[in-house]
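A.B. asks: Quick note on full-length UniProt numbering: the sequence shown kicks off at 1 and runs consecutively.
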Amino acid sequence: MFSLKVKPKFLDFKSLLKCQYFGINWPAFKFCTFNFNEDLTTDIKLKIETKWKNSLNKGGFNEYSLQKKFYVLSMFPYPSGNLHMGHVRVYTISDAISRFHRLNGKNVFQPIGFDAFGLPAENAARDRNIPPEKWTKSNITVMREQLKKLGFSFDWDREVITCSPEYYKFTQYLFLLLYKEGLVYREEAIVNWDPVDKTVLADEQVDSEGRSWRSGALVEKKILKQWFIRTTFFARSLFSGLDDPKLKDWKDIVALQKHWIGECDGASFFFKLFDKNGKCKGQIEIWMQYPEMISSAVFIAVASHSILGRKLIESNEQIMAKSPFSVQLFPIFVTDSLDYPEGCDIKVGIPSFSEKDANFAEKSGIQFSQEFCPQVNFEERLKLCNIAMENKMGGAMKSSKLRDWLISRQRHWGTPIPVVHCKECGPVPLSFDDLPVYLPSRDEPQSSVACPKCGSVATRETDTMDTFVDSAWYFLRYADPFNNEKPFCEEKVDDLLPVDVYVGGKEHAVLHLYYARFICHFLHSVGMLKFSEPFERLLVQGMVTGKTYIVKNSGKYLKKEDVIENEDGSLIEKDTKNEVVVKWEKMSKSRFNGVEPCNVLEEYGIDTTRLLILADVAPTSSRRWSDDTFPGILNWQKRLWSLMNMFLECRTKKLKDNVTEEEELRLYDARNFYIKGTTFNYSSSHQLSVAISKMQGLTNSLKKCSKNSMCNSLEFERTFASLIIMLYPMAPHFSSELWSRLQNAPGRLDLEERFIDWSKPVLQQSWPSLDPDYLLSFICKVNNAIKAIVKLPYKQIKSLSKTDALDLALKQEKVHSFITGCDILGYEFQAIDSYDAVINILIDHLQKRKIQNQR
């Protein structure tokens, strides 16, 4: 029976749930013991979780530890006020990975925070007539408690909140640093204007139908002066960085990033503009694929829809342009008859290289040489680019379509831009000492300030920064959140980063990753970071989807209770009898397919919810949330519960018969086989659903054992202990209870603690290891085709060097005979710990074919 040394006032399920939800601690529960004869109910699960939560759900990072660091980062949430099942999935994945690596002796860093600025909070606060700061803080409080309720072992002492002055002070710091390096500018631009949210949107925030990603309104085009960050100056670095061999599991994300950046096959240059009197009228930026041909250029063409084109049409003014490389002035023509590079509305006309340019020049009365045809010269191109960059006239290699980062937002709830506007000096950045520039109250009128340059009366910049600026560096601040002098201490960041595993949604695989990578490439270029790529490994999780019921002829969404299922299985709407179709879609209140995490926790408990969200499909796949898939997990937990009951009963009865050698060998093989598979799917493939399947398989192997084996077999005891340890990262409370009973079981056999440290709880155990003599596969490939598989003891594979692996592979008859007479071009060797090893020998295909033909 369930028993307490100190009996609490209430024992009913609802009271327990309420206490857990609101973080109320019942000290008495640490004395709880459970009778495994009872059925495993949600009531018992909840009591187990209450018993163990205070000892399990704390972050374990120690910055003074000599253990190897392991940084697990999950994308921090926007504080909407309530967690959804997508949150539950991403943080369960990251927490399982974190707990796994702690058991493997790593000093795991798993921080959390809140991405707290942005339009949704401002709009919600406006609708409720309260300050957005108050609304956001309230939501953060609720979500923080919900996250703690779910038992995630975050390092809460490192929490960052982007809307706090302690954080946005250093977002402003980075803005000023970029400004100092010439990477921030303000100019007129044709922008995407959201008429509902009344703010500018970046191109990437407008969908293919021309609608805002937030409001859904059709976007309008306006000309406004905006702030930009020159991300394009790092385009080539960002493109080539994607080929870094340290990046693991980026897969199709590399393709998405490369497509966004584009081939860096040209460069942009700043051309100064002059009127007919020789007065400088500013400058324009022009992308050229072949800047080495600039000496053959004779005119500049601009499209009529461009800002410069519109101005020239309206003013009828004659403007000339001068390149960075000569004193020659080029006439500018407004025309839509020429082919502009992709994404460009301005080009340099080179008649000797382009027939269309030649025809246009001829019609326009521009003289040009018809004999000279310039040649493509990459070395000359790089030389000109370097000259331009040294003179701050452009020159960064990029694609024609890539744009600089437009960061201006005409909203209140965002990081203030640390600039003042002076009638005498124009825009003037503030100094680092002036930070933070605090966010004014919502209704505060624009205040006058002194210009830092001349002392004249100036006004503050009213635009705020795009929230992507806040999230482009939060993972660096986690390393040093209490630093009030700089964004972070370089030594602390270099000790902790790059991030070992980054877990988050694919919807952020282009923009957020691009901006975060840019910030790190920039900080690396100015000596603030030793690395340029911030995330070594990505785990891009799929969304959690729910079943939707849709009226076929109207697209109307229905609640489940408004649908009738006919005898033939077809569905109709209850009221209209119209045909209804079923789809699996992203959970949403408007689609009536959402599931509230608190309801799931009430019905199943924390650990079961964690197992349900991880089971059945890989983290990278969409998860269909359906009761039909739950029995497998629910039955598995019951089998584990009953297995412990059987084990305890057998140990109590103290059976004395010897265990058969056959059963011992079967357990030995099962333990090693399932440790191998579970470890691989936790650490290498991150296929956590397969890890669950492996543990279910090991459970079945243990259930098949005789009662005599349960009582007298050290192999059974060791295998059962290994299973509970491997379960811990996913179900920490449940496994802790199982472990406590295993620890205190009568007749313990591993008395010398050769395999298990019985004095420690499960969270302090070492991850189960393979036996040294257990056979693993050494797979020998030639040009990616398997030629031989050799079985070797784990201890030998673990110590196998690259040269030893090659020697061993060449001794295999099928490998030797296949490559005889061929030169070895190279070889790759990989030995995954606790798993198989693979060598791939590369030879010349043509040479092999010649040898085969001769034979």
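All C-beta atoms in this analysis are idealised placements derived from N, C-alpha and C, irrespective of residue type, glycine included.
Taking the CB atoms as reference points, tell me whether V659 and N700 lie closer together than 9 Å.
C.D. replies: No. Outside cutoff.
A.B. asks: With distances taken from CA atoms, which of D336, P111, C385 is nearest E292?
C.D. replies: The residue with the shortest Cα to Cα distance from E292 is C385.
A.B. asks: Can you give the beta carbon distance from F117 to G414, rounded, assuming they're within the 8 Å contact cut?
C.D. replies: Yes, they are in contact, since the Cβ atoms of F117 and G414 sit about 5 Å apart, within 8 Å.
A.B. asks: Kindly indicate which residue of E561, R214, N599, I97 has the alpha-carbon position closest to the one of T42.
C.D. replies: For the residues E561, R214, N599, I97, the minimum Cα distance to T42 belongs to N599.
A.B. asks: Can you give me the start and stop residues for the alpha helix (DSSP H) that K169 sits inside?
C.D. replies: From DSSP, the alpha helix (DSSP H) with K169 extends over 165-180.
A.B. asks: How long is the line joining the alpha carbons of P416 and F175, rounded to whole angstroms?
C.D. replies: Cα to Cα, the separation comes out at about 10 Å.
A.B. asks: Under DSSP, the beta strand (DSSP E) around D275 begins and ends at which residues?
C.D. replies: 266-275 is the span of the beta strand (DSSP E), which, as asked, contains D275.
A.B. asks: Quick check: the Cα distance between G309 and Y179, rounded to an integer number of angstroms?
C.D. replies: Roughly 28 Å separates the two Cα atoms.
A.B. asks: Spell out a yes or no on whether the segment 384-398 and the segment 222-236 are touching, meaning 3 or more CB-CB pairs, one atom from each, closer than 8 Å.
C.D. replies: Contact between the segment 384-398 and the segment 222-236 is present, because at least three Cβ pairs lie under 8 Å.
A.B. asks: Mind pulling the beta strand (DSSP E) runs of 3 or more residues that sit fully within the segment 100-159?
C.D. replies: Counting whole runs of 3 or more residues, the segment 100-159 contains the beta strand (DSSP E) stretches 107-109.
A.B. asks: To which residues of the same chain is E573 closer than 7 Å at the C-beta, ignoring the five residues directly before and after it?
C.D. replies: Cβ neighbours of E573 beyond the five flanking positions: V551, L558, D562, V563, V580.
A.B. asks: Within the chosen definition, does the segment 142-155 reach the segment 99-118 through at least 3 CB pairs nearer than 8 Å?
C.D. replies: A contact exists between the segment 142-155 and the segment 99-118.
A.B. asks: If I'm right that V457 touches L256 with Cβ under 8 Å, what's the distance once you round it to whole angstroms?
C.D. replies: So it is not a contact: roughly 48 Å between Cβ atoms.
A.B. asks: Based on DSSP bridge pairs, tell me the residues matched to M465.
C.D. replies: S408, per the DSSP bridge assignment.
A.B. asks: List the whole-angstrom C-beta distance separating V503 from S74, where the pair is believed to meet the contact cut-off of C-beta under 8 Å.
C.D. replies: So it is a contact: roughly 5 Å between Cβ atoms.
A.B. asks: Apart from the five residues on each side of it in sequence, which residues of its chain come closer than 6 Å, Cβ to Cβ, to K18?
C.D. replies: A caution first: K18 carries a pLDDT of 42, below 50, which makes its placement in the model unreliable, though a value can still be read off. No residues qualify anywhere along the chain.
A.B. asks: Is the segment 242-259 touching the segment 536-544, taking contact as three or more C-beta pairs under 8 Å?
C.D. replies: Output reads yes: the segment 536-544 touches the segment 242-259.
A.B. asks: Could you give the first and the last residue of the continuous alpha helix (DSSP H) run that contains A358?
C.D. replies: Unbroken alpha helix (DSSP H) run through A358: 355-363.
A.B. asks: Tell me the start and end of each unbroken beta strand (DSSP E) in the segment 754-788 that is at least 3 residues and wholly inside, in chain order.
C.D. replies: You should have 775-782.
A.B. asks: For V690, which residues of its own chain have a beta-carbon under 8 Å away from its beta-carbon, when the five flanking residues on both sides are left out?
C.D. replies: Excluding sequence neighbours, V690 sits near A618, G677, N681.
A.B. asks: Any idea if residue 860 is buried or exposed, counting beta-carbon neighbours within 10 angstroms, 16 or more meaning buried?
C.D. replies: The requested residue 860 does not occur in the structure, where the chain is confined to residues 1 to 855.
A.B. asks: Terminal residues of the continuous alpha helix (DSSP H) containing K694?
C.D. replies: Here the alpha helix (DSSP H) through K694 covers 688-703.
A.B. asks: Please determine if the segment 752-766 and the segment 713-733 are in contact, where contact requires at least 3 C-beta pairs separated by less than 8 Å.
C.D. replies: Yes: at least three Cβ pairs fall under 8 Å.
A.B. asks: Answer with buried or exposed for F76, where buried requires no fewer than 16 other C-beta atoms within 10 angstroms of its C-beta.
C.D. replies: Buried is the call here.
A.B. asks: Helix, strand or coil for W260, going by three-state DSSP, please let me know.
C.D. replies: Helix.
A.B. asks: Over the uninterrupted beta strand (DSSP E) stretch that includes H421, give me the two end residues.
C.D. replies: Note, H421: beta strand (DSSP E), 419-422.
A.B. asks: Could you check if K802 is buried or exposed, using at least 16 other CB atoms within 10 Å of its CB as the buried criterion?
C.D. replies: Looking at its Cβ environment, which holds fewer than 16 other Cβ atoms inside 10 Å, K802 is exposed.
A.B. asks: Just the C-alpha distance for L842 and S777, rounded to the nearest angstrom, thanks.
C.D. replies: Approximately 20 Å, taken between the alpha carbons.
A.B. asks: Determine the burial state of C280: buried for a count of at least 16 other Cβ atoms within 10 Å of its Cβ, exposed for fewer.
C.D. replies: Exposed is the call here.
A.B. asks: Rounded to whole angstroms, how far is the Cβ of D197 from the Cβ of R214, which I believe are closer than 8 Å?
C.D. replies: That belief holds up - the Cβ atoms of D197 and R214 are roughly 6 Å apart, short of 8 Å.
A.B. asks: Does the count of Cβ pairs from the segment 814-832 and the segment 752-759 closer than 8 Å reach three?
C.D. replies: Touching, no, given that fewer than three Cβ pairs across the two stretches are closer than 8 Å.
A.B. asks: My output table needs one value for G546: the three-state DSSP class, helix, strand or coil.
C.D. replies: Residue state, collapsed to three classes: strand.
A.B. asks: For K225, which three-state DSSP category applies?
C.D. replies: K225: strand per DSSP, three-state reduction.
A.B. asks: Since L183 and R128 are thought to touch, with beta carbons under 8 Å apart, how far apart are those beta carbons, to the nearest angstrom?
C.D. replies: Actually they do not touch by this definition, with Cβ atoms about 39 Å apart.
A.B. asks: Considering only the beta carbon of each residue, do Q370 and S352 sit closer than 9 Å?
C.D. replies: Closer than 9 Å, so yes.
A.B. asks: With R186 as the anchor, note down where its beta strand (DSSP E) starts and where it stops.
C.D. replies: Where R186 is concerned, the enclosing beta strand (DSSP E) stretches over 184-194.
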